[in-house]
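Okay, structure first, notes after.
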Amino acid sequence: MESEIRRLEQLARRLEPNARSRTSLLKKIAAYAEDFLEQLPESPAFIEQPGDGRSLYDSPIGEYGLEVEDALEILRGSVDTVGINPASPRMLGYVPGGGLFHSALGDFLAAITNRYSGHFFASPGAVRMENMLIRWIADIAGYPQTAAGNLTSGGSLANLNAIVVARDNYRIEAQNIEKSVVYLTEHTHHSVDKSLHVAGVSKCIIRRVSVDHRFRMDEQALEELIIVDKAAGLNPWLVIASAGTTNAGAVDPLKEIGEIARNNGLWFHIDGAYGAFFALCDEGQAILKGMDQSDSIIMDPHKALFLPYGTGAVILRNGQQLYASYNWKADYAQDVPDDLEEWSPSELSPELTRHFRGLRLWLPLKMVGVASFRAALSEKILLARYFHHKLKEMDGFEVGPEPDLSIASYRAIPDRGDIDDYNRRLVEELRADGRVLISSTRLGGNYVLRLAVVSFRTHLDEIEETIEILRSTAARLRGR
Ligand SMILES: *Cc1c(COP(=O)(O)O)cnc(C)c1O
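Using this note's numbering, the final residue of the sequence shown is 462, and nothing's skipped along the way.
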């Protein structure tokens, strides 16, 4: 048996490279990352590659390992040069991604040290760090000291976590579900509908409150619906506002909705996945007034704080409610003390073991400082306004409303023929070109183009370049 154990040990030990190979591996990985970053200014925002990375399957998972060079070659060829490049400064479609370098370093260290961030007893430091970040985010929302929250994997899960707490508090259960009413708009993100479904409350009556000409919830319409529903013996319980819709970048009238929710005894949830962090800058603060009126709010650090994908945040005004919905006990953890100084992520969310998400947020905030984040967010808002004004003046284009935050809508107008069709062809043409990524949506029944400025790498030069590419491509299509 001993020799068998030794034989196994020899093979198992390959899981731990020695100091010399670690140094060499780090050098090669760093060179790959450096090469990627150095090429970013020129690399396309979108690459349509024949095969769509199917070559990955040519190298199946096997019994014995590859050299790092070979693994990186597969990564380069089958993953990092196919499809959308969210790291590109000219990624301006959907909601652009970020990928702060300091966060990558934080992730690296979090993976190496592998602190157990799920529970205070296991890693008081990691939990304190996350709670400190949650407090910092709660301050952005203007929440009182009673607030608590959780760093999630993203906005969808953050919405789900908040909606479950709202459901528990209003006791929405089998016997009252079909009489209970939820209010949102047609621009509410579909992850909210999914969350209602997963939380088991999608059988509620879902009212799509009408929006004004700037695609913001019409608060009067909301109030009237609630009054009519109450008179009809229904149970209005939840209103969900958007602090920046993904579709149009519109901010619902948060203060007014908050007042209506309070007066009528509804839970007020804000989906600020895309927009709420803009409150860090003055321009954003001006339009986001009223976030402090809500019972729960979500914001995505992997959007407007430019983190790599995988970090959302949910905050409850009354943290006790979050704890009430998610704390559970297990026999095998009976020697973990109760009554610890701070709540733990595992008591405030459905997750137990999880990524130590705090470090990827803490490191950039600490090393770079908040001032640069504020500046970058102001800059994004001003870039969207600049784009809006430039396109408004340009022949052959028509613009939507002045952007509330950093998403602008517009469309190209042909000399003759179908407008939607012309814009559809324009998007296809831009995608084939690949230098900038522009996506479309439907607003007010029309096919329109969106410009979403959310990447920390997008600056004035990229916006000027985009305007020029739009102008020349639209002109070329017009000639056909
Ligand atoms: C992106 C987004 C979501 C979903 O967040 P994920 O992090 O993609 O899960 C929810 N709401 C809004 C308004 C968003 O922009």
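Glycine is no exception: its CB is placed at the ideal position from the N, C-alpha and C atoms.
Values in this document were obtained by computation on a predicted structure and should not be read as measured data.
Among the options, the one whose alpha carbon lies nearest that of residue i
i      : options                           : result
Arg417 : Leu452, Gly254, Asp400 and Asn96  : Leu452
Leu54  : Ala315, Leu7 and Arg2             : Leu7
Glu238 : Leu425, Met199 and Pro290         : Met199
Ser391 : Val61, Leu408, Ala230 and Leu304  : Ala230
Ser3   : Glu49, Leu22, Ser(-15) and Ser37  : Glu49
Asn141 : Phe103, Lys185 and Val221         : Val221
Tyr39  : Asp277, Leu334, Ile56 and Arg336  : Ile56
Gly254 : Gly215, Leu248 and Thr228         : Thr228
Tyr305 : Thr293, Ala295, Ala315 and Pro327 : Pro327
Gln267 : Ala13, Ser360 and Ala456          : Ser360
Ala86  : Glu323, Leu289, Gly137 and Leu330 : Leu289
Leu345 : Gly100, Ala108 and Ala13          : Ala108
Gly247 : Lys212, Glu265, Thr335 and Tyr256 : Lys212
His370 : Ile445, Glu324, Phe438 and Val350 : Ile445
Ser25  : Arg299, Ile66 and Ser60           : Ile66
His337 : Glu375, Asn300 and Gly294         : Gly294
Trp325 : Ala223, Phe197, Ala15 and Gly131  : Gly131
Glu323 : Val174, Asp415 and Phe102         : Phe102
Met376 : Asp175, Gly88, Gly79 and Ala457   : Ala457
Phe355 : His195, Pro283, Leu425 and Arg393 : Pro283
Coil, strand or helix - residue i by DSSP
i      : result
Thr134 : strand
Phe288 : coil
Ile449 : helix
His251 : strand
Asn309 : coil
Ile66  : strand
Tyr39  : helix
Ile188 : strand
Glu324 : coil
Ile29  : strand
Leu425 : strand
Phe197 : coil
Leu419 : strand
Met273 : helix
Glu380 : strand
Met73  : strand
Val183 : coil
For residue j and residue i, the rounded distance between their alpha carbons
i        : j        : result
Ala181   : Arg(-12) : 51 Å
Glu51    : Lys10    : 8 Å
Leu(-7)  : Gly44    : 14 Å
Ala27    : Pro383   : 26 Å
Ile269   : Thr170   : 18 Å
Ala69    : Leu287   : 14 Å
Gln275   : His251   : 9 Å
Val148   : Glu201   : The identity of residue 148 in the sequence shown is Ala, whereas the question assumes Val. Roughly 21 Å separates the two Cα atoms.
Thr448   : Leu433   : 10 Å
Thr134   : Arg36    : 31 Å
Asp317   : Thr95    : 24 Å
Leu91    : Ile389   : 34 Å
Arg413   : Arg407   : 10 Å
Leu364   : Leu347   : 23 Å
Leu330   : Val193   : 34 Å
Leu166   : Tyr46    : 53 Å
Gly378   : Asp400   : 14 Å
Gly257   : Arg(-4)  : 46 Å
Val163   : Trp310   : 29 Å
Pro319   : Ala312   : 12 Å
Asp277   : Glu(-9)  : 54 Å
Leu82    : Ala261   : 20 Å
Arg339   : Val296   : 13 Å
Pro385   : Pro71    : 20 Å
Ala243   : Ile208   : 9 Å
Glu(-2)  : Ser421   : 44 Å
Ser(-15) : Ile116   : 52 Å
Pro78    : Ala214   : 44 Å
Gly226   : Val233   : 5 Å
Enclosing beta strand (DSSP E) for residue i [first to last residue]
i      : result
Leu298 : Gly294 to Leu298
Ile389 : Ile389 to Ala394
Ile280 : Ser278 to Met281
Tyr404 : Careful: Tyr404 lies outside any beta strand (DSSP E), inside the alpha helix (DSSP H) at Ile401 to Asp415.
Val430 : Asn428 to Ala434
Tyr165 : Ser162 to Thr167
Terminal residues of the alpha helix (DSSP H) in which residue i lies
i      : result
Arg58  : Val50 to Ser60
Trp179 : Going by the sequence as given, residue 179 is His instead of Trp. That run of the alpha helix (DSSP H) goes His172 to Val180.
Pro218 : Per DSSP, Pro218 belongs to no alpha helix (DSSP H); it is in the beta strand (DSSP E), Asn217 to Ser224.
Glu205 : Glu201 to Ala213
Tyr256 : Unbroken run through Tyr256: none, as it is neither H nor E.
Ser99  : Segment: none, Ser99 is in no alpha helix (DSSP H) and carries neither H nor E.
Asp386 : That residue, Asp386, is in no alpha helix (DSSP H); it is neither H nor E in DSSP.
Leu262 : Element bounds for Leu262: n/a, residue is neither H nor E.
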